[in-house]
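Single-structure report; data block below.
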Amino acid sequence: MNRLKISISATLTLALLCLSVQSQTLPLTMLKDKIKGGWAGQTIGVSFGSYTEFKYNGTFIQDEQTIPWENGYVKKLMIEWPDLFDDIYMDLTFVDVLEKQGLDAPVDSFANAFARAPYSLWHANQAARYNILNGIKAPASGHWQNNPHSDDIDYQIEADFAGLMNPGMPNSASQMSDKVGHIMNYGDGWYGGVYIGAIYSLAFVSSDVSYLVNEALKSIPQKSTFYQCISDVIKWHKKYPNDWKQTWFEVQKKWSSENGCPEGIFAPLNIDAKVNSAYVVIGLLYGKGDFAKSMEIATRCGQDSDCNPSSVGGILGT
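Going by this note's numbering, the sequence shown opens with residue 9, and the numbers climb by one from there.
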């Protein structure tokens, strides 16, 4: 990306969280491989969970239920079901803005890019698009007073780009999320994207999933319900280290009743960011770094079960 005016030498020194003074150097070939792996992983993940999306709400997918997969599956879905890949095309829209205008691109450029794009959108993204096209600019377009989906998962599923564009620099990833994420989300909806972006960023310098989920959580305010929910998942994993289903039940009992999405009122559908982030963390912790196992667990947790394995796959692919 020469337009970003970043000079990349044979190696790239990556700064970690401001809580640490450590730095780590990656060979350029490894950096490129991790970036490609992140994009490939999330594309594979969203494909893996495609036919289960919102078919298992308020329940997990039983072991005897096979999750379909075959050779050429990703290409087949891209041709036959392009709307499935909102996780990907929203990310790429933001990357395109950065490519054309650089890291200092104004928020209106990101907002107008997806608001005027021809592809389909849903929930917080669609509400933000409507707001923008009708004169409500970012960040007001994502605020709960103007967007009833502000706590939904939307920025969480497209925050991958923030981490991939800021390797080993989670604070920079969060700064990018502050600009872009408020276009469509606020509160827990925004925190979900900040958290996922930070995990991606940290994945460039560590493959320890326990470290990733704990360290990235430092980017979230401790008094927020998002922080408390993810902290609970980490605690329950320690209590039930070999039983992801028990942790799923604990999430269901404590956190599933809060759902701001209008479509989830009086229905088991839950697209709340913190609950679906909890499923991402369940997949990461219980999958123990195994790519296929982690994606499968995240998928079997149900609800937005294509986006959640997409986040897991992208993180582990990085």
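C-beta: ideal position from N, C-alpha, C; glycine also.
Of the listed residues the options, nearest to residue i (C-alpha basis)
i      : options                           : result
Tyr199 : Ser215, Leu172, Gln230 and Pro175 : Gln230
Leu277 : Thr307, Gln311 and Ala132         : Gln311
Lys145 : Lys296, Ala121, Ile165 and Trp244 : Ala121
Ser337 : Ser285, Lys83, Pro76 and Ala181   : With the chain covering only 9 through 326, there is no way to say anything about residue 337.
Lys63  : Met38, Ala275, Leu34 and Gly325   : Ala275
Met184 : Asn133, Val105, Lys42 and Tyr59   : Val105
Gly322 : Ser302, Arg308 and Cys309         : Ser302
Pro76  : Thr326, Gly325, Val320 and Glu304 : Glu304
Ile228 : Lys246, Tyr203 and Val241         : Tyr203
Gln30  : Leu210, Ile279, Trp252 and Thr326 : Leu210
Asp186 : Asn155, Gly66 and His151          : His151
Ser117 : Pro90, Gln260 and Pro147          : Pro147
His131 : Ser149, Leu100 and Lys296         : Ser149
Leu225 : Tyr59, Ser182 and Lys296          : Ser182
Gly66  : Asp112, Glu266 and Lys247         : Glu266
Val115 : Thr307, Gly189, Glu88 and Phe299  : Gly189
CB of residue i within 9 Å of CB of residue j, strictly
i      : j      : result
Tyr208 : Asp168 : yes
Ile191 : Ala281 : no
Ser313 : Ile161 : no
Tyr287 : Trp256 : yes
Ala125 : Leu141 : no
Pro178 : Gly205 : yes
Gly291 : Pro317 : yes
Phe212 : Glu166 : no
Leu293 : Ile242 : yes
Asn193 : Ser158 : yes
Ala170 : Gly201 : yes
Trp263 : Val283 : yes
Gly197 : Gln164 : yes
Pro156 : Ala136 : no
Thr326 : Leu111 : no
Beta-ladder partner(s) of residue i, from DSSP
i      : result
Asp251 : Beta-bridge pairing links Asp251 to no other residue.
Asp160 : Asp280
(request) Tell me the start and end of each unbroken alpha helix (DSSP H) in the stretch 253-325 that is at least 4 residues and wholly inside, in chain order. (result) If you keep only unbroken alpha helix (DSSP H) runs of at least 4 residues inside the stretch 253-325, you get 281-295, 299-308 and 315-325.
(message) Going residue by residue through the stretch 66-140, where are the continuous alpha helix (DSSP H) segments of at least 4 residues, counting only ones entirely within it?
(response) Segments of the alpha helix (DSSP H) lying fully in the stretch 66-140: 81-88, 94-109 and 115-123.
(request) Report yes or no: do three or more beta-carbon pairs, one from the stretch 214-223 and one from the stretch 257-277, lie closer than 8 Å? (result) A contact between stretches requires three or more CB pairs, one per stretch, nearer than 8 Å, and the stretch 214-223 fails this requirement with the stretch 257-277.
(request) State whether the stretch 218-228 contacts the stretch 46-65, with contact taken as three or more CB pairs (one from each stretch) at a distance under 8 Å. (result) They do not touch, by the three-pair rule.
(request) Determine contact between the stretch 50-60 and the stretch 90-101, defined as no fewer than three beta-carbon pairs at a distance below 8 Å. (result) Yes, the stretch 50-60 is in contact with the stretch 90-101.
(message) At 4 residues or longer, what runs of the alpha helix (DSSP H) sit wholly inside the stretch 137-212?
(response) List check, alpha helix (DSSP H) in window: 162-166, 168-172, 178-188 and 195-211.
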